[in-house]
Amino acid sequence: MTVEDRQDREIALAVSPEVSGADLRPIGSSPLGPAPGAQTYYAPSRHPVTTYAALDLGTNNCRLLIARPAQHGFRVVDAFSRIVRLGEGLTASGRLADAAMDRAVEALKICKSKMTHRGVSRARLVTTEACRAAANGLDFVRRVATEADLELEIVDQRTEASLAVTGCAALAHPTAEGVIVFDIGGGSTEIVWMGGRSQARDPAGRIREWASLPMGVVSVAERYGGVDVGREKFEHMVADCSAALKPFATRAAAAKDAAGFHLLGTSGTVTTVAGIHLGLPRYDRRLVDGLWMDETDILAVIDRLVDMDYAARSANACIGHERADLVLAGCAIFEAIRRAFPSRKVRIADRGLREGILLRMMHEDRAWWRRRQA
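So this is what it looks like as structure tokens:
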């Protein structure tokens with residue numbers, strides 16, 4: 023997936039679950055707001071609309087969403103995404119590298135400019151595994167406050183998992199009583215067993231078990247090398263990821279027996295797999311977010327990627343050269359999860375932590391109630 027500065031101006035992201043397949047007609051309700059329809063209409067308001075921002079600085083990416091409450095969740099008015107590789111070399115050194123911090127600060131300055139330009143008045147800016155793990159993580163947060171005028175919050179692992187669930191839970195099948203939600207990050211993978219049905223108001227309240235696994239696309243790629251990855255090396259990667267996953271898989275084993283069980287994945291890895299499956303000439307989230315994929319289609323894409331050399335992966339429009347050395351590490355984590363929790367169908371989500379932050383803030387502010395009153 024090519025990652026670039028972008029503005030997504032007409033997207034209502036708080037989309038509810040669908041009944042089946044690639045039918046993208048929404049039904050049901052978003053857990054934290056009104057249910058979406060086929061089209062969004064905006065009534066005039068007597069009160070100023072609050073502009074919100076959610077920023078996720080991860081081990082690999084710096085991503086920002088700026089949004090305003092809308093009839094169906096929220097409307098994105100600006101967005102930014104850039105690969106900064108903040109956690110580059112962290113596995114070996116235990117510290118954030120100077121060059122990596124420089125890249126992140128420059129990206130964060132752009133985020134600050136966008137927030138100012140859009141008149142953001144409510145924001146939550148989080149950073150995750152890289153700053154949690156690095157000996158100089160707090161020093162970096164202080165540097166960001168000084169140089170970019172942004173107050174980063176280092177969130178703990180449970181908070182990260184909970185926000186990711188909140189952001190994508192609307193895509194769980196409405197009748198599923200067991201869903202494994204996973205977010206493959208740069209430095210860690212958050213995985214959650216979500217029980218009960220989607221009628222629950224608070225998706226985080228459906229969490230039965232969760233884990234933050236010490237494996238992400240950057241850390242796995244740095245351990246094994248991400249350029250030359252053949253079948254044998256890939257299987258070694260999967261085996262290591264399976265070993266890290268085993269304690270959670272044991273605790274959450276009952277999820278597989280729940281009615282309507284399925285997997286729900288959110289990350290650059292799963293959206294890339296979906297984009298390649300669809301044969302997209304360039305990545306398009308409108309076609310990917312909410313897609314149901316069969317296990318046979320997923321395996322076919324992963325096999326195809328394993329057989330590609332680095333040049334071919336770089337040339338693929340849904341991967342790009344910036345992620346060509348990371349995608350197979352992500353696929354190894356994905357495959358370990360699929361083997362631990364076999365499911366005929368996997369739901370693909372191009373949403374997660376940032377969307378969860380926005381929904382939480384708007385829910386706390388009773389934003390949809392205020393819109394109805396207006």
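Residue numbers for the sequence shown follow our numbering, so the first one is 23 and each next one is one higher.
Cβ coordinates follow ideal geometry from the N, Cα and C atoms, glycine included.
All of these numbers come straight from a predicted model, not from anything done at the bench.
No Cβ-Cβ contact shorter than 7 Å links Ala276 with Glu199. With a cutoff of 7 Å on beta-carbon distance, Val163 and Gly208 are scored as not near each other. Counting along the chain, Leu172 sits inside no beta strand (DSSP E), nor does DSSP assign it H or E at all. Taking a contact to require three or more Cβ pairs closer than 8 Å, the region 166 to 184 and the region 244 to 255 do not qualify as touching. Following the DSSP letters along the chain, one finds Asp325 in no beta strand (DSSP E) but inside the alpha helix (DSSP H) bounded by residues 317 to 329.
Apart from sequence neighbours up to five positions away, no residue of its chain approaches Asp262 with a beta-carbon distance below 6 Å.
Around Val177, the same chain offers Val148, Thr150 as residues with beta carbons nearer than 7 Å, after the five sequence neighbours per side are excluded. Here the alpha carbons of Glu173 and Thr211 stand approximately 24 Å from one another.
Considered as a whole, the region 210 to 279 harbours 239 to 246, 253 to 273 as its complete alpha helix (DSSP H) runs of no fewer than 4 residues, in chain order. Residue environment analysis places Ser103 among the buried positions, since at least 16 neighbouring C-beta atoms fall within 10 angstroms of its C-beta. Look at Val166 here: in three-state DSSP terms it is helix. Short of 6 Å from the beta carbon of Gly109, and not among the five residues preceding or following it, lie these beta carbons of its own chain, in chain order: Thr81, Ala152, Gly208, Gly209, Val240. Straight through space, the alpha carbons of Asp78 and Ile324 are spaced by roughly 27 Å. The C-alpha of Phe270 is placed about 40 Å away from the C-alpha of Thr72. Under the three-state reduction of DSSP, Val98 is assigned to strand.
Bridge partners of Lys131 according to DSSP: none are assigned. When DSSP states are grouped into helix, strand and coil, Ser103 belongs to the strand group.
With fewer than three CB-CB distances shorter than 8 Å, the region 366 to 381 does not count as touching the region 338 to 355. Under the DSSP definition of a beta bridge, Thr149 partners with Leu79, Ile176.
Shortest Cα-Cα distance from Val201 to any of Glu231, Leu286, Ser143 involves Leu286. Met384 and Gly290 have their C-alpha atoms roughly 25 Å apart. In this structure, the CA atom of Glu244 is about 25 Å from the CA atom of Val214. Rounded to the nearest whole angstrom, the CA to CA distance from Gly218 to Lys278 is 13 Å.
Under the three-state reduction of DSSP, Arg117 is assigned to coil, being neither helix nor strand. In this structure, the straight-line span from the alpha carbon of Ile341 to that of Ala75 is close to 27 Å. Cα atoms of Arg228 and Glu254: separation of roughly 38 Å, rounded to the nearest angstrom. In this structure, DSSP gives Tyr74 an extended state, which the three-state scheme calls strand.
Here Ala186 has Val203, Asp205, Glu212, Val214, Thr288, Gly374, Leu375, Gly378 as same chain residues with Cβ atoms under 8 Å from its own Cβ, once five neighbours each way along the sequence are excluded. Approximately 7 Å separates the beta-carbon atoms of Val328 and Leu350; this is inside 8 Å, confirming the contact.
Taking C-beta atoms as the reference points, Thr188 and Leu381 count as a pair closer than 7 Å.
Take the alpha-carbon of Ile320 and the one of Val106: they are about 28 Å apart.
Nearest to Glu317 by C-alpha distance, out of Ile359, Asp306, His139, is Ile359. Beta-bridge partners of His343 (DSSP): none assigned.
Between Ser184 and Ala226, the gap from beta carbon to beta carbon is short of 7 Å. Bounds of any beta strand (DSSP E) do not take in Thr291; it lies within the alpha helix (DSSP H) bounded by 290 to 300.
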